[in-house]
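J.: With the first letter of the sequence shown counted as 1, position 569 gets the number 569 in the UniProt record's numbering; the numbers rise by one all the way through.
What follows is a structure written as structure tokens; I'll ask about it next.
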Amino acid sequence: MKINKRLLQYVKTMRIYVVIVGALSLLTAIFIILQSHYIASIINAVFLNKQSLTQVTSALLILLVVLLGRAAVIWGNDIATNTVSGKVKSDLRLRLFNHLLKLGPMYVRGERSGEIANTTTEAVESLDAYFNLFFPQVCATIIIPVAILIMVFSTDVLSGVVLLVTWPILPVFMILIGLQANAMTESRWRQMSHLSAHFLDVLQGMTTLKLFGRNKIQQETIRRMSDRYGDTTMAVLRVAFLSSFVMELGSTISNAIIAVEIGLRLLYGNIPFEQAFFVLLLTPEFYQPLRNLGTQFHASMNSSAGAQRIFDILEVPVKNEKPAALSTTPAKIEQRLSIDGIHFAYPTADGQRQEALRGVSFAIERGQKVALVGKSGAGKSTLVNLLLRFIEPDQGSIQADGKDIRSFTAAEWRKLVAWQPQRPYLFNTTIADNIRLGRPEASMEEVIEAALMANLHDFIQTLPQGYETRIGERGTRLSGGQLQRLSLARALLKQSPILLLDEATSTLDAESEARVLESIDRVAPEHFVLIIAHRLHTISSADRIVVLQDGQVIGSGTHQELLAQSPAYQELIKAYEEEEAMV
Numbered sequence: 001m002k003i004n005k006r007l008l009q010y011v012k013t014m015r016i017y018v019v020i021v022g023a024l025s026l027l028t029a030i031f032i033i034l035q036s037h038y039i040a041s042i043i044n045a046v047f048l049n050k051q052s053l054t055q056v057t058s059a060l061l062i063l064l065v066v067l068l069g070r071a072a073v074i075w076g077n078d079i080a081t082n083t084v085s086g087k088v089k090s091d092l093r094l095r096l097f098n099h100l101l102k103l104g105p106m107y108v109r110g111e112r113s114g115e116i117a118n119t120t121t122e123a124v125e126s127l128d129a130y131f132n133l134f135f136p137q138v139c140a141t142i143i144i145p146v147a148i149l150i151m152v153f154s155t156d157v158l159s160g161v162v163l164l165v166t167w168p169i170l171p172v173f174m175i176l177i178g179l180q181a182n183a184m185t186e187s188r189w190r191q192m193s194h195l196s197a198h199f200l201d202v203l204q205g206m207t208t209l210k211l212f213g214r215n216k217i218q219q220e221t222i223r224r225m226s227d228r229y230g231d232t233t234m235a236v237l238r239v240a241f242l243s244s245f246v247m248e249l250g251s252t253i254s255n256a257i258i259a260v261e262i263g264l265r266l267l268y269g270n271i272p273f274e275q276a277f278f279v280l281l282l283t284p285e286f287y288q289p290l291r292n293l294g295t296q297f298h299a300s301m302n303s304s305a306g307a308q309r310i311f312d313i314l315e316v317p318v319k320n321e322k323p324a325a326l327s328t329t330p331a332k333i334e335q336r337l338s339i340d341g342i343h344f345a346y347p348t349a350d351g352q353r354q355e356a357l358r359g360v361s362f363a364i365e366r367g368q369k370v371a372l373v374g375k376s377g378a379g380k381s382t383l384v385n386l387l388l389r390f391i392e393p394d395q396g397s398i399q400a401d402g403k404d405i406r407s408f409t410a411a412e413w414r415k416l417v418a419w420q421p422q423r424p425y426l427f428n429t430t431i432a433d434n435i436r437l438g439r440p441e442a443s444m445e446e447v448i449e450a451a452l453m454a455n456l457h458d459f460i461q462t463l464p465q466g467y468e469t470r471i472g473e474r475g476t477r478l479s480g481g482q483l484q485r486l487s488l489a490r491a492l493l494k495q496s497p498i499l500l501l502d503e504a505t506s507t508l509d510a511e512s513e514a515r516v517l518e519s520i521d522r523v524a525p526e527h528f529v530l531i532i533a534h535r536l537h538t539i540s541s542a543d544r545i546v547v548l549q550d551g552q553v554i555g556s557g558t559h560q561e562l563l564a565q566s567p568a569y570q571e572l573i574k575a576y577e578e579e580e581a582m583v
């Protein structure tokens with residue numbers, strides 16, 4: 001029941017919820033006892049004492065009120081459990097989303113997006129079975145049988161002893177069968193998450209699969225995964241059906257024992273009819289909560305499996321969200337951005353660490369454009385992630401005007417950074433909204449100015465709805481160059497002092513590249529510009545070029561200086577020229 005306790009601690013109103021559910025269960029027990037009492041009394045009066053219906057009118061009216069009261073309690077219980085279940089799901093979904101935001105893109109990149117999406121939707125929704133069905137039934141199973149048992153003992157001790165002896169047998173069977181089903185349910189949930197993730201991969205890669213003729217192979221893969229999921233589901237259902245059968249059989253046998261015991265005593269005149277009938281009416285009600293619990297127990301196991309994944313994510317520690325020594329001044333930078341002796345290593349699957357940066361040091365002055373070049377895997381992306389505070393250095397520091405940026409919160413620091421990624425993510429909304437992402441309060445005139453600087457405005461003007469054109473999921477209605485220019489417009493509109501441009505011109509033609517570089521030159525005097533590029537014209541336009549190789553700085557200078565002094569840079573430029581010639 002560990003998962004259940006972890007679920008309960010996330011409900012702020014759980015104490016009130018327990019009291020309400022407990023009170024409603026007690027009211028249900030009272031109404032059951034009253035209902036049985038008046039039915040037994042009316043039957044005894046009419047059929048044995050030969051009273052007319054007129055003589056039992058008051059008892060019939062009271063019975064009607066009791067039945068209506070019992071129905072009202074059921075209705076109230078549904079409202080209470082649905083309300084609390086909705087609040088719990090909303091709270092956990094919000095906590096999950098906020099925690100994923102705090103974990104940042106580095107965590108998400110290490111997980112399958114389909115599994116995360118499945119957790120935030122299906123796993124959270126599966127909690128309904130626990131809070132709306134299972135937990136209220138636990139309360140009912142504790143309170144209702146105890147109340148009935150007390151009443152039966154006060155009415156007929158022998159029947160009370162039989163109920164007391166037979167009742168614990170049923171939970172034992174339920175627990176034994178439930179233990180077997182629990183492992184199956186967890187396996188079923190894992191398979192469903194893998195199936196969802198794989199299906200999302202196939203949808204997102206459909207164009208590539210069709211191009212390489214691999215769609216039929218993926219169809220077969222999905223079929224096999226679906227079959228495994230179906231087999232596991234059927235195995236869980238078989239155990240659930242077995243459990244229900246055992247519970248039904250056990251309660252039926254127990255009811256039969258009470259019926260035979262009371263029938264024999266009634267036959268020999270050892271118990272009055274009204275008393276015997278009263279106990280017989282209470283006996284099915286005594287076992288019914290436990291039978292219902294058996295049904296809800298298996299439903300709740302799916303909730304527990306889903307909750308396990310939710311808490312696995314929520315318990316991933318968030319690193320470096322708070323500064324070690326809080327700065328008393330707002331985050332700002334005016335003169336110099338310094339990368340000082342940075343070391344960073346990624347953890348590997350075998351528990352080791354793979355070095356990505358080793359003692360990297362260089363600086364960017366205000367108004368300076370610095371190009372960062374190097375082969376794939378040299379450490380360029382790692383350095384960008386460090387500047388964005390998605391990760392933190394193992395050694396060394398990044399300083400703004402001599403102040404370690406870790407003295408600011410990550411959120412404060414990111415306000416100073418505008419980033420144009422190599423593969424920008426655009427949302428399925430309008431062009432204007434996507435450009436405004438970095439500064440939602442920007443006016444339309446400012447949006448247009450940013451688009452002009454990114455050489456995008458003329459294209460937007462050709463669209464029927466202009467800036468209000470929706471661009472589709474991930475910007476599917478735009479070309480690669482248009483996506484890149486829109487992302488650049490977004491970065492320029494943010495007006496942050498630090499401008500990180502990751503392959504800002506890689507998909508542009510020569511004319512567009514020249515116009516974009518001209519725009520960057522116009523804003524550069526007020527910015528700290530770091531450009532990651534492999535286009536020769538973009539690199540040579542930088543004030544200074546830093547060459548990375550195997551996580552180390554092996555050269556720094558202007559284009560002409562490095563061509564004269566650095567064999568590694570000469571090799572890079574040759575490779576870049578050959579690549580451009582092939583385009």
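For each residue, glycine too, the CB sits at the ideal point set by N, CA and C.
Predicted model only: the values in this text are computed from it and were never measured.
#1: Reducing DSSP to helix, strand and coil, say where V318 ends up.
#2: What residues in its chain sit with their C-beta under 6 angstroms from that of S303, if we drop five residues either side in the sequence?
#3: Would I531 and A542 be called neighbours here (beta carbons separated by less than 9 angstroms)?
#4: Alpha helix (DSSP H) containing K380: first to last residue?
#5: Within the chosen definition, does the stretch 271 to 289 reach the stretch 92 to 101 through at least 3 CB pairs nearer than 8 angstroms?
#6: DSSP has Q399 in a bridge; who is on the other side?
#7: Could you pull the start and end residues of the alpha helix (DSSP H) that G480 belongs to?
#8: I364 lies in the beta strand (DSSP E); which residues open and close that run?
#9: L24 to N77, Cα distance in whole Å?
#10: Quick one: measure Cβ to Cβ for L27 and V73, integer angstroms, because I've assumed they're closer than 8 angstroms.
#11: Under three-state DSSP, which class holds Q422?
#12: Could you tell me which residues DSSP puts in a beta bridge with L372?
#13: What ranges does the alpha helix (DSSP H) occupy inside the stretch 5 to 81, keeping only unbroken runs of at least 4 residues that lie completely in it?
#14: Can you tell me the Cα-Cα spacing of R436 and Y467, whole angstroms?
#15: For L293, count neighbouring C-beta atoms within 10 Å of its own C-beta (all shown protein chains included) and say buried if the count is 16 or more, exposed if not.
#16: Does DSSP put M554 in a helix, a strand or coil?
#17: Quick check on DSSP: helix, strand or coil for H527?
#18: For G396, collect the residues of the same chain with a Cβ closer than 8 angstroms to its Cβ; drop the 5 residues on either side in sequence, then sort them by chain order.
#19: Can you tell me which of the three DSSP states D502 falls into?
#20: Return the first residue and the last residue of the alpha helix (DSSP H) that F153 is part of.
#21: When we look at the beta-carbon of V529 and count the other beta-carbons within 10 Å, is it buried (16 or more) or exposed?
#22: Scan the stretch 234 to 318 and note each continuous alpha helix (DSSP H) run of 4 residues or more that stays entirely inside, going in chain order.
#23: Using only the alpha-carbon positions, how far apart do P136 and Q308 sit?
#24: Which two residues bound the contiguous alpha helix (DSSP H) that contains L452?
#25: What does a CB cutoff of less than 6 angstroms around L499 pick up in its chain, not counting 5 residues either side in sequence?
#26: Is the stretch 153 to 169 close to the stretch 38 to 51, with three or more CB pairs under 8 angstroms?
#27: I need the straight-line Cα distance from A147 to F286, nearest angstrom please.
#28: Hey, N455 and S512 are a contact pair by Cβ (cut 8 angstroms); roughly how many whole angstroms apart?
#29: Tell me which residue opens and which closes the alpha helix (DSSP H) that W413 is part of.
#30: Taking the alpha carbon of Y576 as the reference point, which residue from G551, V84, E248 and T538 has its own alpha carbon closest?
#31: Please report the distance separating the alpha-carbon of T120 from that of L388.
#32: Taking 8 angstroms as the cut-off, is the C-beta of V19 nearer than that to any heavy atom in the ligand PLP?
#33: By DSSP's criteria, F344 is part of a beta bridge. Which residues make up the other side?
#34: Alpha carbon to alpha carbon, what distance is there between A256 and E315?
#35: Do the CB positions of L372 and V546 come within less than 9 angstroms of each other?
#36: I need the DSSP call for Q565, collapsed to helix, strand or coil.
T.: The relevant details are as follows:
#1: In the sequence shown, residue 318 corresponds to position 318, counting from 1. In this structure, V318 counts as coil in the three-state DSSP scheme.
#2: Against the sequence shown, residue 303 aligns to sequence position 303. S126, L127, A129 and Y130.
#3: Sequence index remark: in the sequence shown, residue 531 carries index 531 (1-based). Sequence index remark: in the sequence shown, residue 542 carries index 542 (1-based). Taking 9 angstroms as the Cβ cut-off, I531 and A542 qualify as a contacting pair.
#4: For the purposes of this step, residue 380 is identified with residue 380 of the sequence shown, where counting begins at 1. K380 to L387 is the extent of the alpha helix (DSSP H) around K380.
#5: no
#6: Against the sequence shown, residue 399 aligns to sequence position 399. For Q399, which the question treats as bridged, DSSP gives the partners S338 and D404.
#7: Numbered from its first residue, the sequence shown carries residue 480 at position 480. That run of the alpha helix (DSSP H) goes G480 to K494.
#8: Here residue 364 corresponds to residue number 364 of the sequence shown, with the count starting at 1. Here the beta strand (DSSP E) through I364 covers R353 to E365.
#9: The sequence position of residue 24 within the sequence shown is 24, counting from 1. The sequence position of residue 77 within the sequence shown is 77, counting from 1. The alpha-carbon atoms of L24 and N77 are separated by roughly 7 angstroms.
#10: For the purposes of this step, residue 27 is taken as the residue at position 27 of the sequence shown. For the purposes of this step, residue 73 is taken as the residue at position 73 of the sequence shown. The Cβ separation is near 5 angstroms, so the contact holds.
#11: As a first step, residue 422 is located in the sequence shown; it is residue number 422 there, counting from the start. The answer is coil: DSSP assigns Q422 none of H, G, I, E or B.
#12: Numbered from its first residue, the sequence shown carries residue 372 at position 372. Answer by DSSP bridge pairing, in chain order: I532 and V546.
#13: 14 to 43
#14: For the purposes of this step, residue 436 is taken as the residue at position 436 of the sequence shown. For the purposes of this step, residue 467 is taken as the residue at position 467 of the sequence shown. If you draw a straight line from the Cα of R436 to the Cα of Y467, it comes to about 11 angstroms.
#15: Walking along the sequence shown from the start, residue 293 turns up at place 293. With 16 or more other Cβ atoms within 10 Å, it is buried.
#16: Indexing the sequence shown from 1 puts residue 554 at position 554. A small correction: the amino acid at residue 554 is Ile; Met does not occupy that position in the sequence shown. Assigned with DSSP and collapsed to three states, I554 falls in strand.
#17: Counted from its first residue, the sequence shown places residue 527 at position 527. Here H527 sits in coil by DSSP.
#18: The residue you call residue 396 lines up with position 396 of the sequence shown. These residues qualify, in order along the chain: I339, D340, G341, I342, H343, G359, V360 and S361.
#19: For the purposes of this step, residue 502 is taken as residue 502 along the sequence shown, with counting starting at 1. Strand.
#20: Counting from one through the sequence shown, the residue named residue 153 turns up at place 153. From DSSP, the alpha helix (DSSP H) with F153 extends over F135 to T155.
#21: For the purposes of this step, residue 529 is taken as the residue at position 529 of the sequence shown. Buried: at least 16 other Cβ atoms inside 10 Å.
#22: As summarised for the stretch 234 to 318, the continuous alpha helix (DSSP H) elements at least 4 residues long and confined to that stretch are 273 to 314, given in chain order.
#23: As a working note, residue 136 is residue 136 in the sequence shown. As a working note, residue 308 is residue 308 in the sequence shown. When rounded, the distance between both Cα atoms is 21 angstroms.
#24: Residue 452 sits at position 452 when you count from the first residue of the sequence shown. It spans M444 to M453 - the alpha helix (DSSP H) in which L452 sits, taken as one unbroken run.
#25: Numbered from its first residue, the sequence shown carries residue 499 at position 499. Same-chain partners within the cutoff: A418, H527 and V529.
#26: no
#27: Against the sequence shown, residue 147 aligns to sequence position 147. Against the sequence shown, residue 286 aligns to sequence position 286. C-alpha separation (whole angstroms): 9 angstroms.
#28: To locate residue 455, count along the sequence shown from 1; it is residue 455. To locate residue 512, count along the sequence shown from 1; it is residue 512. Indeed, because the Cβ distance is near 5 angstroms, the residues count as touching under 8 angstroms.
#29: The count along the sequence shown starts at 1 and reaches residue 413 at position 413. Where W413 is concerned, the enclosing alpha helix (DSSP H) stretches over A410 to R414.
#30: On the sequence shown, residue 576 is found 576 positions in, with the first residue counted as 1. Selected option, being the one with the closest Cα: T538.
#31: Against the sequence shown, residue 120 aligns to sequence position 120. Against the sequence shown, residue 388 aligns to sequence position 388. One C-alpha to the other measures close to 26 angstroms.
#32: Inclusion of the ligand PLP in the displayed structure is not the case, the ligand content being empty and no account of it being possible.
#33: On the sequence shown, residue 344 is found 344 positions in, with the first residue counted as 1. Under DSSP, F344 shares a beta bridge with L357.
#34: Your numbering for residue 315 matches position 315 in the sequence shown. Your numbering for residue 256 matches position 256 in the sequence shown. The alpha-carbon atoms of E315 and A256 are separated by roughly 50 angstroms.
#35: Looking up residue 372 in the sequence shown gives position 372. Looking up residue 546 in the sequence shown gives position 546. Yes, the pair counts as a contact, with Cβ atoms nearer than the cut-off.
#36: Here residue 565 is taken as the residue at index 565 of the sequence shown, counted from 1. Q565: helix per DSSP, three-state reduction.
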